[in-house]
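Q: Residue numbers (numbering that gives the first Met the number 0): 0 to 145.
Mind looking over this structure? Questions follow.
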Amino acid sequence: MSDPSVLVTVPTHDDPTLAPPDKESYYVLFPTPNLDADIDWTIEKSRYRDEMIRTLESRGYDGFGDAIEVEQITTPLDWQAQGMERGAPFASAHTFFQTGPFRPRNIAAGFENVVFAGSGTQPGVGVPMVLISGRLAAERIVGPVK
0 MSDPSVLVTV PTHDDPTLAP PDKESYYVLF PTPNLDADID WTIEKSRYRD EMIRTLESRG
60 YDGFGDAIEV EQITTPLDWQ AQGMERGAPF ASAHTFFQTG PFRPRNIAAG FENVVFAGSG
120 TQPGVGVPMV LISGRLAAER IVGPVK
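Here it is, written out as structure tokens:
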């Protein structure tokens, strides 16, 4: 990726017990294509990791790579092994026609009493949207929730 958006969280800022004393725990999320892309993640995993480190360091995380003591790198292969279609943890892509009302509906056409909830259906990705999705699914089953 030429200029990826990056999500960096540091859970030890809220809970210092998540790392040894005087250490930090980082969660870094870089976008990747799903398994439909012509990428061999068994080969590209380490190269992409190095690219991520360079990107972080160029954005102000000086010495980030040298400070890593333990790491876990998750690729689309890992997401697929956890049951995520084509290794896509966030379901549909974030293109305009796959957001909000354009995402798949939360009911299954042709089936009674089949309702979907989660990031792969309306309204979309992220904890708030998934919670709303759960509420919408519940309301389809039991009626309006007060």
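Think of the CB as a built atom: it goes at the ideal place given N, C-alpha and C, for glycine as much as any other residue.
Roughly how many angstroms separate the alpha carbons of Trp-78 and Val-9, rounded to a whole number?
A: For Trp-78 and Val-9, the distance between alpha carbons rounds to 22 angstroms.
Q: Taking the beta carbon of Val-124 as the centre, do at least 16 other beta carbons fall within 10 Å, making it buried, or is it exposed?
A: Val-124 comes out buried.
Q: Can you round the beta-carbon distance between Gly-117 and Ser-132 to whole angstroms, since I take them to be within the 8 angstroms contact cut?
A: The pair is a contact, with the Cβ atoms about 6 angstroms apart (cut-off 8 angstroms).
Q: Can you say whether Arg-85 is buried or exposed, counting buried as having 16 or more other CB atoms within 10 angstroms of its CB?
A: Arg-85 is exposed by the Cβ-count criterion.
Q: Go to Tyr-26, then tell me how far its beta strand (DSSP E) extends in each direction, as first and last residue.
A: 26 to 28 is the span of the beta strand (DSSP E), which, as asked, contains Tyr-26.
Q: Count Cβ pairs between the segment 65 to 82 and the segment 28 to 35 that sit closer than 8 angstroms; are there 3 or more?
A: The segment 65 to 82, when compared against the segment 28 to 35, does touch it at the 8 angstroms Cβ threshold.
Q: When the Cα atoms are used, what is the spatial distance from Trp-40 to Arg-46?
A: If you take the alpha carbons of Trp-40 and Arg-46, they lie about 9 angstroms apart.
Q: With DSSP collapsed to three states, give me the class of Thr-11.
A: Helix.
Q: Which ranges would you report for the alpha helix (DSSP H) in the segment 34 to 61 if only whole runs of at least 4 residues count?
A: Complete alpha helix (DSSP H) runs here, min 4: 40 to 57.
Q: Do Ile-140 and Val-114 count as a contact pair if the criterion is CB distance below 7 angstroms?
A: Contact flag set, yes.
Q: With which residues is Ile-106 paired in a DSSP beta bridge?
A: According to DSSP, Ile-106 bridges with Val-114.
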